[in-house]
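These notes concern the structure reproduced below.
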Amino acid sequence: MKVPNHIAIILDGNGRWAKRRGMPRSYGHIVGCNNLEKMCDEICEMGVKYLTVYAFSTENWKRSADEVKVLMNLFRKYLRRVEMKAHKNRMKVRIIGDPSALAPDLQEEIREVEEASADYDQMYFQIALNYGGRDEIERAVTRIAEDASNGKLPEGRVTGEIFERYLDTAGIPDPDLLIRTSGEQRISNFLLWQLAYTEFYFTDVAWPDFHKQDLIEAIEKYNGRDRRFGNAK
Ligand code: FPP
Numbered sequence: 002m003k004v005p006n007h008i009a010i011i012l013d014g015n016g017r018w019a020k021r022r023g024m025p026r027s028y029g030h031i032v033g034c035n036n037l038e039k040m041c042d043e044i045c046e047m048g049v050k051y052l053t054v055y056a057f058s059t060e061n062w063k064r065s066a067d068e069v070k071v072l073m074n075l076f077r078k079y080l081r082r083v084e085m086k087a088h089k090n091r092m093k094v095r096i097i098g099d100p101s102a103l104a105p106d107l108q109e110e111i112r113e114v115e116e117a118s119a120d121y122d123q124m125y126f127q128i129a130l131n132y133g134g135r136d137e138i139e140r141a142v143t144r145i146a147e148d149a150s151n152g153k154l155p156e157g158r159v160t161g162e163i164f165e166r167y168l169d170t171a172g173i174p175d176p177d178l179l180i181r182t183s184g185e186q187r188i189s190n191f192l193l194w195q196l197a198y199t200e201f202y203f204t205d206v207a208w209p210d211f212h213k214q215d216l217i218e219a220i221e222k223y224n225g226r227d228r229r230f231g232n233a234k
């Protein structure tokens, strides 16, 4: 089976999954987090080079204070574990999004894991934390305007190639396949620029139940499609 070079995943449905079991939403996030660890290994073993996951959006701050707290604590623990995984899988970890709104200790964890894994190139794992596609574009345009006024950018048209250098995903190829779990069929402000030519795969399976076989199905569907654009141009 030919695997896509870059898979992006919107990890959705943790809350509903837990509710169906009469459990609090936080339980769904814990199981979802464990599943991400497992799936990250599976995806690495399958030979996928780039994996990008949507863990916390700029809109997710609107959730209850309790739920935000649970998620932040989960990220804290997870980032420590992901560092071990980075060494095991020789995986370079990058957090995309705006870290400035995160707690200082979380920002420190991010710096640490990025630094510890900076030289790996077996796999590239991007975690979107406090990420929004529009926010990313606003931040990029702001920096472009600054550099233009400081004379750091050549005069004239800001090409796509220049623009991409200012995105959080600079240097990372666009996703070939986007998977969204749990039934919703929208992109919810994820990678707005980068998904221009990406194939979308939507499944009703909730993230905590999404395992290797579900991934294989998604990849088989993807392989059956006629890719005429984007990376397959
Ligand atoms: C969507 O489920 C999930 C999230 C908002 C958080 C995703 C987080 C994890 C999978 C936890 C671990 C991730 C990392 C990187 C540590 P939802 O709450 O929107 O579910 P619902 O749509 O059923 O309400």
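Position 189 (the sequence shown) corresponds to 190 in this note's numbering; numbering is contiguous.
Positions of the beta carbon are idealized from the N, C-alpha and C atoms, including for glycine.
Item                                                                                                              : Value
Cβ neighbours of residue 96 in the same chain (closer than 6 Å, five flanking residues each side left out)        : 111, 128, 130
Three-state class that DSSP yields for residue 97 in the structure shown                                          : strand
Distance between residue 174 and residue 199 (C-alpha atoms, nearest Å)                                           : 11 Å
Residue 134, buried or exposed, once every other Cβ within 10 Å from all chains shown has been counted against 16 : buried
Integer Cβ distance of residue 118 from residue 13, believed to fall under 8 Å                                    : Actually they are not in contact, since the Cβ atoms of residue 118 and residue 13 sit about 26 Å apart, beyond 8 Å.
Residue 129 - partner residues in DSSP beta bridges                                                               : 55, 97
Cα-Cα separation, residue 11 to residue 57                                                                        : 10 Å
Segments of 4+ residues assigned as alpha helix (DSSP H) that fall wholly inside the segment 109–189              : 134–150, 161–166
Residue 236 in three-state terms, based on DSSP                                                                   : Outside the modelled stretch of the chain, which goes from 2 to 234, sits residue 236, for which no answer is possible.
Coarse secondary structure for residue 30, derived from DSSP in three states                                      : helix
Neighbour-count burial assignment, residue 143, 16 or more Cβ in a 10 Å radius                                    : exposed
Opening and closing residue of the beta strand (DSSP E) in which residue 219 lies                                 : No beta strand (DSSP E) contains residue 219, which is instead part of the alpha helix (DSSP H) from 213–224.
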